[in-house]
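Protein sequence lines, in the order shown, are assigned to chains A and B. For the first sequence, the working numbering gives the first residue as 1, with consecutive numbering after it. For the second sequence, the working numbering gives the first residue as 1001, with consecutive numbering after it. Just so you know, even glycine gets a beta-carbon here, dropped at the ideal spot from N, CA and C. These numbers were taken from a predicted model, which means no experiment stands behind them.
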Amino acid sequence: MNLEREGDYITLSMGPHHPATHGVLRLEVTTDGEVVKACKPDMGYLHRSIEKIGENLEWYQFVPYTDRVDYVCSMNSNHAWVCAVEKLLATSEETKLAIPERAEYIRILFAELNRISSHMVGLGSATMDMGAFTPFLQALSQREFINDIFEKTCGARLTYNYMCVGGVVRDLHAGAEEEIRSMLKGLEKAMIDFNKLISSNNIFKARLAGVAIVSAEDAISYGLVGPNLRGSGVDFDLRRDKPYGLYERFQFDVPVGKAYAGVDGRLGDCYDRYVVRLLEVLESIRICRQVLDQMPPTSGVEDDPVGGWCITKAAQRSLRKPPVGEVYFRCENPRGETGYHIVSDGTKFPYRVKIRTGSFTALSIFEKLVPGLMIADIVALIGSFDIVLPEVDR
Amino acid sequence: MKDGSGEKMIPDSRIRLARNSRRGKDEITDGVAVGPVDGYFSGPMSPVPSGNPSSGKALSFDAIFAKVQVRFPSASAGSAPNGAQWIAVQPHDAFAVADFLKGEPELSFRSLCCLSGIDLLKLPPSEKDGPLRDDLVCAYDLHSFEHGHELRLKVFAPRLDPVVPSVESVWGVAGFFEREIFDLLGVVFPGNHDLRRILTPQDWVGHPLRKDYVYPESYGGVELKREGQTFDSGPYK
């Protein structure tokens, strides 16, 4: 840590290598004793210019790069990109793709499983930031089971490159459905244990209740999305309110913050955001079960739901000459809305790829929210926002 | 932690926990502390999709544009060949239009989803609007929670003097988005309280997402170009 003294204030540099900043984030914190007077987030340490790379790759070649935009939920990042490109292709009758129904179901199944595993990391590291190590291990051990299933189907445990424009790369592995069902059963039990272990722990609760309160108005103005927005009591979920894929077919609730911490808690505090994530895991389990119930069986054809080695012939044809124009596609990721603003000039390369991510906008509220908090509460705030730095820097 | 002493808070909350716990049928209620997950799976499930909670009326693009044009006659509607529609305004109107879009109760665009910068330099003429050949465009994707409608607002900034007033005081998140566009495309936003580079280092030269950007051969004394490597293989060299 660098210390700089100026009058009664001390300027601290929190990070970039700080165990509680979830990556390489640096916060320039001016403190008056334990109380923070000003905070400026400084990022860009992980800037890989993914948007620029996107302009120099063909449409389908960009999928592995979306894995790296947010590597904690690569499936969801894949999903957002392929849906955005499909939305662009759907604007013209000639290039419109028919996506196999089973592929759509697999996408949602894997997106929800990845949402669970991402929330496991989020919840686990939030509790670890608060000084509890056991729940972290418990959460991450559940994530391993999900990774096992992904590994069996698509061969990777972290960056999957599984979805492609027009479908998914390959069908579920044999026996996957029973495996997922039994995994979900164990997961449900583990969530109940996790909840019993930590949610009502008085120290944990007192640590988060009433800390870093974000009003609904601020949350909307500063572009908080996903669980952070819902933690402030705004009832909005893209899966329900702007449904994409087949989300209209499933029944699920949207958990919203309700000052869960009780008398000490306020709507929109860190504990609310924690609880919203916890409940979202349960909702995702519900969606996964519905997907498994509704999913049409595989047709038995070798290359159903995809054709060819990783992308269908129809998709290859469409992507060679996509419609000229632009689309903005919004997708509900574990860290909230991930938006792809794509501009196409009709060639096989995107003209411009803009990625809007939830963590980037979540950092924008720090300058307003942090002054007045204790230094230790910044750690609680980062943990409750579930910020993932590669998504910030891109 | 923040108000009152920690010693007092813990026994209090323990009493409350015992009183407030909803007892479900699961085995989890064994008399210890019970949290929000208690009884979740046995509880009632609302019939979802429970519909959009927005209470207002979603307006079509034409209706929104008509409202904007009454107030700002210089605003024009634009569209791309694939059907994407937007409202185009000149930079000097940008702040007033943004303020209007947020404040007007029937529009109520309280959320700025995305602010992206686009360099038009190499775009084919079919997508361009009239004489705007090489402008830098700021595209504001807006969304209204009350009404559920969406809108894209575009501000065309001339390439030689790209200045667009900041809308940070309208949407707080614009502060970061504007810094990103300033960094990567070089559009200047007077009114932004902290207009510095955000993703690239402060001493970086040039704006990487401009279509005429020249890749630097070295940075900070470190050669970036490897032997035999060329930077002119992409589609936009």
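Problem - 7 Å CB neighbourhood of A:Y9 in its chain, flanking five on each side removed - result: Taking the first sequence and counting its residues from 1, the one referred to as residue 9 of chain A is at position 9. Here the set comprises T30, T31, D32 and K37.
Exercise for the section: State yes or no: is the C-beta of A:L97 within less than 8 Å of the C-beta of A:A261? Expected result: The residue you call residue 97 of chain A lines up with position 97 of the first sequence. The residue you call residue 261 of chain A lines up with position 261 of the first sequence. It is not a contact, given that the beta carbons lie outside the stated cut-off.
Handout entry: Partners in chain A for B:N1192, counting only beta-carbon separations shorter than 9 Å
Key = If you number the second sequence from 1, residue 1192 of chain B lands on position 192. Chain-order list of chain A residues neighbouring B:N1192: empty, with the shortest C-beta distance near 12 Å, by a criterion of under 9 Å.
Handout entry: Continuous alpha helix (DSSP H) assignments of at least 4 residues falling wholly in the stretch 1156-1233 of chain B
Key = Correct list: 1174-1185.
Handout entry: Status (buried if at least 16 other CB within 10 Å, exposed otherwise) for B:K1102
Key = The residue given as residue 1102 of chain B occupies position 102 in the second sequence. So B:K1102 counts as buried.
Practice task
Assign B:V1034 to one of two classes, buried (16 or more other C-beta atoms within 10 Å of its C-beta) or exposed (fewer than that).
Solution key: Residue mapping note: residue 1034 of chain B aligns to position 34 of the second sequence, counting from 1. With a pLDDT of only 43 at B:V1034, under 50, the local geometry of the prediction cannot be trusted, and no value is derived from it.
Handout entry: Candidates B:D1119, B:L1151 and B:H1143, of which the one nearest B:L1160 by Cα
Key = On the second sequence, residue 1160 of chain B is found 160 positions in, with the first residue counted as 1. Closest option to B:L1160, Cα to Cα, is B:D1119.
Handout entry: Per DSSP, the bridge partner or partners of A:Y328
Key = Numbered from its first residue, the first sequence carries residue 328 of chain A at position 328. Note: A:Y328 sits in a beta bridge opposite A:H341.
Handout entry: Within 8 Å of chain B by C-beta, residues of the stretch 31-47 of chain A in sequence order
Key = Residues of the stretch 31-47 of chain A whose Cβ lies closer than 8 Å to any Cβ of chain B, in chain order: K40, M43, G44 and H47.
Practice task
Please check if any C-beta of chain B sits within less than 8 Å of the C-beta of A:P323.
Solution key: Position 323 of the first sequence, counted from the start, is the residue given in the question as residue 323 of chain A. Closer than 8 Å to some Cβ of chain B, the Cβ of A:P323 qualifies, so yes.
Practice task
With DSSP as the reference, label B:L1121 as helix, strand or coil.
Solution key: Locating residue 1121 of chain B in the second sequence gives position 121, counting from the first residue. B:L1121 falls in the coil class under three-state DSSP.
Handout entry: Residues bridged to A:M14 [DSSP beta-bridge criterion]
Key = For the purposes of this step, residue 14 of chain A is identified with residue 14 of the first sequence, where counting begins at 1. A:L27, per the DSSP bridge assignment.
Practice task
Go through its chain and collect everything with a Cβ distance to B:P1044's Cβ below 7 Å, but skip five positions before and after it.
Solution key: Working through the second sequence from its first residue, we reach residue 1044 of chain B at position 44. For B:P1044, the pLDDT reaches just 41, beneath the cut-off of 50, and the residue's location in the model is therefore unreliable, although a value from the coordinates is still provided. Contacts found: none.
Exercise for the section: Measure the Cβ-Cβ separation of A:N195 and A:L278 and say whether it is below 8 Å. Expected result: The residue labelled residue 195 of chain A in the question sits at position 195 within the first sequence. The residue labelled residue 278 of chain A in the question sits at position 278 within the first sequence. Result yes, Cβ atoms of A:N195 and A:L278 sit closer than 8 Å.
Handout entry: Sufficient close CB pairs (3 or more, under 8 Å) joining the stretch 1088-1105 of chain B to the stretch 1165-1183 of chain B
Key = yes
Exercise for the section: Show which residues of chain A have a CB atom less than 8 Å away from the CB atom of B:I1198. Expected result: As a first step, residue 1198 of chain B is located in the second sequence; it is residue number 198 there, counting from the start. Neighbours of B:I1198 on chain A, chain order: M43 and G44.
Practice task
On the DSSP bridge assignment, give the partners of A:N397 in chain order.
Solution key: Missing from the structure shown is residue 397 of chain A; chain A here goes from 1 to 394 and no further.
Exercise for the section: Just the C-alpha distance for A:T312 and A:A90, rounded to the nearest angstrom, thanks. Expected result: Working through the first sequence from its first residue, we reach residue 312 of chain A at position 312. Working through the first sequence from its first residue, we reach residue 90 of chain A at position 90. Near 16 Å, if we compare the C-alpha coordinates of A:A90 and A:T312.
Problem - Simplified DSSP state of A:D70, which is helix, strand or coil - result: As a first step, residue 70 of chain A is located in the first sequence; it is residue number 70 there, counting from the start. If DSSP states are grouped into helix, strand and coil, A:D70 belongs with coil.
Exercise for the section: Have a look at A:Q142, A:E337 and A:M128 and flag the residue whose alpha-carbon is nearest the alpha-carbon of A:F136. Expected result: Along the first sequence, one-based indexing puts residue 136 of chain A at 136. Considering only alpha carbons, the answer is A:M128.
Exercise for the section: Report yes or no: do three or more beta-carbon pairs, one from the stretch 74-93 of chain A and one from the stretch 158-169 of chain A, lie closer than 8 Å? Expected result: Yes: the two stretches touch, three or more of their Cβ pairs being nearer than 8 Å.
Exercise for the section: Please specify which runs of the alpha helix (DSSP H), each continuous and at least 4 residues long, are wholly inside the stretch 125-206 of chain A, giving them in chain order. Expected result: 134-154 and 176-194
Practice task
Give, in chain order, every residue of the stretch 1157-1184 of chain B whose Cβ lies closer than 7 Å to some Cβ of chain A.
Solution key: W1171, G1172, V1173, G1175 and F1176
Problem - Neighbourhood of A:R143 by C-beta, 7 Å cutoff - its chain only, sequence neighbours within 5 removed - result: The residue given as residue 143 of chain A occupies position 143 in the first sequence. Only S117, M120 and V121 meet the Cβ criterion.
Exercise for the section: Indicate whether at least one CB of chain B lies closer than 8 Å to the CB of A:K185. Expected result: Residue mapping note: residue 185 of chain A aligns to position 185 of the first sequence, counting from 1. For A:K185, the answer is no, since every Cβ of chain B falls outside 8 Å of its Cβ.
Exercise for the section: Pick helix, strand or coil for A:M374, following the three-state DSSP scheme. Expected result: Against the first sequence, residue 374 of chain A aligns to sequence position 374. Three-state DSSP puts A:M374 in a strand.
Practice task
State the start and end residues of the unbroken beta strand (DSSP E) segment that holds B:L1142.
Solution key: Position 142 of the second sequence holds residue 1142 of chain B. Element bounds for B:L1142: L1136 to H1143.
Exercise for the section: On a CA-only basis, which of A:E188, A:M43 and A:C39 is nearest A:H17? Give me that one, please. Expected result: Here the question's residue 17 of chain A lines up with position 17 in the first sequence. Ranking the options by Cα distance to A:H17, first place goes to A:M43.
Problem - Among A:R48, A:S199 and A:C288, nearest to A:L246 - alpha-carbon criterion - result: On the first sequence, residue 246 of chain A is found 246 positions in, with the first residue counted as 1. Looking at the Cα atoms, A:C288 is the closest of the given residues.
Exercise for the section: Would you mind reading off the limits of the alpha helix (DSSP H) that contains A:P390? Expected result: Indexing the first sequence from 1 puts residue 390 of chain A at position 390. Unbroken alpha helix (DSSP H) run through A:P390: L389 to D393.
Exercise for the section: Determine the direct distance from the alpha carbon of A:A126 to that of A:N228, and round the result to whole angstroms. Expected result: Within the first sequence, numbered from 1, the residue matching residue 228 of chain A stands at position 228. Within the first sequence, numbered from 1, the residue matching residue 126 of chain A stands at position 126. When rounded, the distance between both Cα atoms is 14 Å.
Practice task
Using a Cβ cut-off of 8 Å, pull out every chain A residue sitting near B:A1080, in sequence order please.
Solution key: In the second sequence, the residue the question calls residue 1080 of chain B occupies position 80. Result: V324, G325 and E326.
Handout entry: Cβ-based neighbour list, A:Q138, same chain, cut-off 6 Å, excluding 5 preceding and 5 following
Key = By 1-based counting over the first sequence, the position of residue 138 of chain A is 138. Cβ neighbours of A:Q138 beyond the five flanking positions: F194.
Handout entry: Beta carbon proximity, A:R152 to chain B, threshold 8 Å
Key = Here residue 152 of chain A refers to the residue found at position 152 of the first sequence. Before going on, a small fix: residue 152 of chain A reads as Lys here, not Arg. Closer than 8 Å: no.
Practice task
Please confirm whether A:R230 and A:V254 have their CB atoms less than 8 Å apart.
Solution key: Sequence index remark: in the first sequence, residue 230 of chain A carries index 230 (1-based). Sequence index remark: in the first sequence, residue 254 of chain A carries index 254 (1-based). Yes, Cβ-Cβ distance for A:R230 and A:V254 is below 8 Å.
Practice task
Starting from the beta carbon of A:M92, find every residue of chain B whose beta carbon is closer than 8 Å, and list them in chain order.
Solution key: One-based indexing of the first sequence puts residue 92 of chain A at position 92. Note on residue identity: the sequence assigns Ser, not Met, to residue 92 of chain A. Neighbours of A:S92 on chain B, chain order: N1082.
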